[in-house]
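Notes follow once the structure below has been shown.
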Amino acid sequence: MITFLSGGTGTPKLLRGMQKVMDRHEISVVVNTAEDIWISGNHISPDVDTVMYLFAGVLNTDTWWGIRSDTFIAHEELMRLGIDEFIAIGDKDRAVQIARGEMLRNGMRLTNVTRTLCDRFGVRENVLPMTDTEVTTQVRTELGLIHFQEYWVRAKGRIAIQEVLRSYREPPVATEEVLAAIEASDAVVIGPSNPITSILPILSCEGIRPALRGKFVLAVSPFIGNAPVSGPAGALMTAAGFEPSSIGTFNCYDGITDVFVQDVRDPAEVPRSVRFDTLMVDEDKSVELAKEVLRLIKNP
Ligand code: GDP
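So for the sequence shown, numbering that gives the first Met the number 0 puts the first residue at 0; every next one is plus one.
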């Protein structure tokens with residue numbers, strides 16, 4: 000078994016290849032939940048949904064969020080009614096969020112909610128939210144301290160970030176299912192996700208770092224040069240005090256990686272890194288990188 004630590008874009012691109020080259024029952028994914036948010040009364044877990052929809056074969060891989068060919072009738076009607084729903088939620092996607100919200104309100108753990116939803120989507124991989132309690136990435140901006148989604152979706156990432164914070168009522172603890180998956184794995188792969196908003200929230204859950212000790216950990220960089228392949232990782236890395244590059248990513252992971260993979264085009268020199276073409280522009284590219292990662296795990 001291999002356990003992947005994932006956000007909602009870069010690592011899912013790698014998982015798209017992995018599911019073609021691995022037994023799907025041998026894949027566990029620990030997914031970031033610090034971008035979760037209640038919207039219009041329902042619970043969005045954007046990264047969990049992307050991973051679940053990918054494995055279910057229904058993900059919109061043009062955007063890497065939402066369900067392919069979804070409609071937006073309820074969203075448009077809500078906007079007409081004056082509800083400021085700042086994230087465009089598709090109708091089928093909303094059904095998932097209604098179901099999740101309902102199960103959570105009935106007292107189910109997010110882990111069990113996710114398992115139930117994955118079963119209903121026919122997902123064979125083991126999709127695990129990093130923790131069962133609420134934790135939120137917030138950023139300090141000229142608009143004050145706002146949810147990461149407010150920054151990235153509502154403000155389109157166009158405002159400066161001074162600080163990145165994680166807020167919670169109780170410190171997040173990795174679930175026993177997450178720890179068991181890591182324990183049962185031959186390797187842990189930190190995919191090319193945003194180090195600050197996707198990976199650090201997972202690494203910060205109590206129990207994760209000790210569980211990784213003694214495991215073979217491979218990380219793939221989301222940066223080429225001083226810019227991420229996509230998204231706001233650069234601004235977030237700078238605000239969190241790291242260089243926006245593969246070197247900053249390597250430092251952010253603070254010595255937990257045994258192998259660090261960076262792109263062949265990346266001018267940054269990371270000590271003892273291995274280089275491949277990490278730009279997963281289509282499924283074939285994802286499969287190629289997945290094969291290289293598997294090879295490295297078998298012959299480090
Ligand atoms: P989010 O939850 O939507 O922010 O998604 P993730 O955290 O999983 O992934 C975002 C990161 O994926 C960004 O920092 C991108 O640079 C990185 N990324 C996206 N596509 C690719 C790719 O094809 N190759 C690599 N190396 N990184 C990628």
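By construction, the Cβ of each residue, glycine as well, lies at the ideal position given by its N, Cα and C atoms.
As assigned by DSSP and simplified to three states, the class of residue i
i: Arg104; result: helix
i: Thr113; result: helix
i: Arg157; result: coil
i: Ala210; result: helix
i: Tyr167; result: strand
i: Asn125; result: strand
i: Asp262; result: strand
i: Leu217; result: strand
i: Glu242; result: coil
i: Ala183; result: coil
i: Pro191; result: coil
i: Glu162; result: strand
i: Ala267; result: coil
i: Val292; result: helix
i: Ser203; result: coil
i: Ser272; result: strand
i: Pro227; result: strand
i: Val172; result: strand
i: Val14; result: The question names Val, but residue 14 is Leu in the sequence shown. Helix.
i: Val280; result: coil
i: Thr132; result: coil
i: Gly254; result: coil
i: Met21; result: coil
i: Phe120; result: coil
Beta-ladder partner(s) of residue i, from DSSP
i: His146; result: Gln137
i: Val29; result: Leu4, Leu127
i: Phe222; result: Pro227
Through-space distance from residue j to residue i, alpha-carbon basis
i: Leu164; j: Thr130; result: 17 Å
i: Pro243; j: Thr237; result: 6 Å
i: Gly6; j: Ile43; result: 14 Å
i: Ile36; j: Glu149; result: 10 Å
i: Thr32; j: Ile66; result: 19 Å
i: Val228; j: Ser192; result: 10 Å
i: Val138; j: Tyr167; result: 14 Å
i: Val269; j: Ser245; result: 7 Å
i: Asp185; j: Ala210; result: 12 Å
i: Leu80; j: Trp151; result: 24 Å
i: Arg212; j: Ile255; result: 8 Å
i: Phe147; j: Arg157; result: 12 Å
i: Pro11; j: Ser272; result: 22 Å
i: Phe85; j: Asp265; result: 35 Å
i: Gln96; j: Ser39; result: 10 Å
i: Thr132; j: Glu169; result: 8 Å
i: Leu293; j: Thr8; result: 20 Å
i: Met0; j: Ala87; result: 36 Å
i: Val112; j: Leu103; result: 7 Å
i: Val251; j: Asp276; result: According to the sequence as given, residue 251 is Cys; it is not Val. Straight-line Cα distance between these residues: approximately 22 Å.
i: Ile296; j: Glu76; result: 50 Å
Beta-carbon separation (whole angstroms), residue i vs residue j, contact threshold 8 Å
i: Ala173; j: Cys204; result: 4 Å
i: Thr110; j: Glu176; result: 5 Å
i: Phe71; j: Asp90; result: 7 Å
i: Glu124; j: Phe215; result: Contact doesn't hold; Cβ gap of about 20 Å is too wide.
i: Val134; j: Met51; result: Contact flag wrong, Cβ pair sits at about 19 Å.
i: Arg208; j: Leu199; result: Not quite, the Cβ-Cβ distance comes to about 11 Å (not below 8 Å), so this is no contact.
i: Leu288; j: Gly16; result: 6 Å
i: Asp262; j: Arg274; result: 7 Å
i: Ser27; j: Leu178; result: With a Cβ gap of about 11 Å, Ser27 and Leu178 do not count as contacting.
Distance cut-off 7 Å: residue i Cβ against heavy atoms of the ligand ZN
i: Asp131; result: The ligand ZN is not among the ligands present in this structure, which contains only the ligand GDP.
Residue i at chain C interface by Cβ criterion, 8 Å
i: Gly9; result: The structure shown contains no chain C; it holds only a single protein chain.
Ordered list of alpha helix (DSSP H) runs contained in the region 32–98, each at least 4 residues: Within the region 32–98, the runs of alpha helix (DSSP H) that reach at least 4 residues and sit entirely inside it are, in chain order, 45–55, 72–79.
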